[in-house]
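Residue numbers (our numbering): 464 to 629.
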Ligand code: AR6
């Protein structure tokens, strides 16, 4: 399995699947969620409505509609509340459940944003460590390439440092 980092807007990536850092309503919001819904078009919201929401750590797949990505996996990450409310386990579940769906759908290339590290205030380094550890331990046949899509140079350097040193 190949693991890469890039600094990019995830809505521009021509990959099999991009992951959306959603909220439990699955009806859109700010941050990367808002950007994905804007770029995918209104069909995405119509499709997400049918799920009736999801729990933190779960994942749901939709088409990408007007996005260059074929699919979107929507997963609500945990809100950071100090770290003793199950946040690490819930964040790990976001990655495992997203990878499970990507494997079932035979997606070769997946791109993840930094789930929970924006509005949900998860400490960036700790969140990136969970992301890297979980994808490295992934035993599935798919995906074969994992891209950590970083929205800033600062986040990119956090991921690169962890990938080089941990
Ligand atoms: N491409 C890649 N990364 C992005 C993009 C983009 N276009 N836009 C933002 N990011 P956040 P969360 C980065 O806040 O913390 C929403 O309102 C951003 O810089 O989007 O999981 C949802 O509806 C940060 O590094 O997600 C929820 O209510 C990362 O994506 C809530 O925010 C995640 O930041 C979820 O909060």
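Where a beta carbon is used, it is the ideal one built from N, C-alpha and C, also for glycine. This one's a predicted model, so the numbers in the text were calculated from it and none came from an experiment.
Legend entry - Inter-residue spacing [alpha-carbon to alpha-carbon] between residue 494 and residue 581: Whole-angstrom Cα-Cα distance: 7 Å.
Inset, instruction - Please specify which runs of the alpha helix (DSSP H), each continuous and at least 4 residues long, are wholly inside the region 558-605, giving them in chain order. - result: Entirely contained in the region 558-605, the alpha helix (DSSP H) runs reaching 4 residues are, in chain order, 587-599.
Legend entry - Those residues, in chain order, that have a beta-carbon closer than 6 Å to some heavy atom of the ligand AR6: Going along the chain, the residues that qualify are 472, 473, 474, 484, 485, 486, 492, 493, 494, 495, 496, 498, 540, 576, 577, 578, 579, 580, 581, 582, 583, 612, 614, 618.
Legend entry - Residue from 550, 544, 556 whose Cα sits closest to the Cα of residue 538: If we check each option's Cα against that of residue 538, 556 comes out closest.
Inset, instruction - Enumerate in chain order the residues of its own chain whose CB-to-CB distance from residue 625 is below 7 Å, with the five nearest sequence positions on each side excluded. - result: For residue 625, same chain residues with a beta-carbon under 7 Å away, outside a window of 5 residues either side, are 591, 592, 595 in chain order.
Inset, instruction - Look at residue 518 and residue 571 and say whether their C-beta atoms are less than 9 Å apart. - result: With respect to the 9 Å criterion, residue 518 and residue 571 are not classified as neighbours on the basis of their beta carbons.
Inset, instruction - Kindly indicate the opening and closing residues of the alpha helix (DSSP H) around residue 612. - result: Counting along the chain, no alpha helix (DSSP H) covers residue 612; the unbroken beta strand (DSSP E) around it starts and ends at 608-613.
Inset, instruction - Can you grab the Cα-Cα spacing for the pair residue 530 / residue 498, in whole Å? - result: Going from the Cα of residue 530 to the Cα of residue 498 covers about 11 Å.
Legend entry - Alpha-carbon spacing of residue 600 relative to residue 564, whole angstroms: Each residue's Cα considered, the two are about 16 Å apart.
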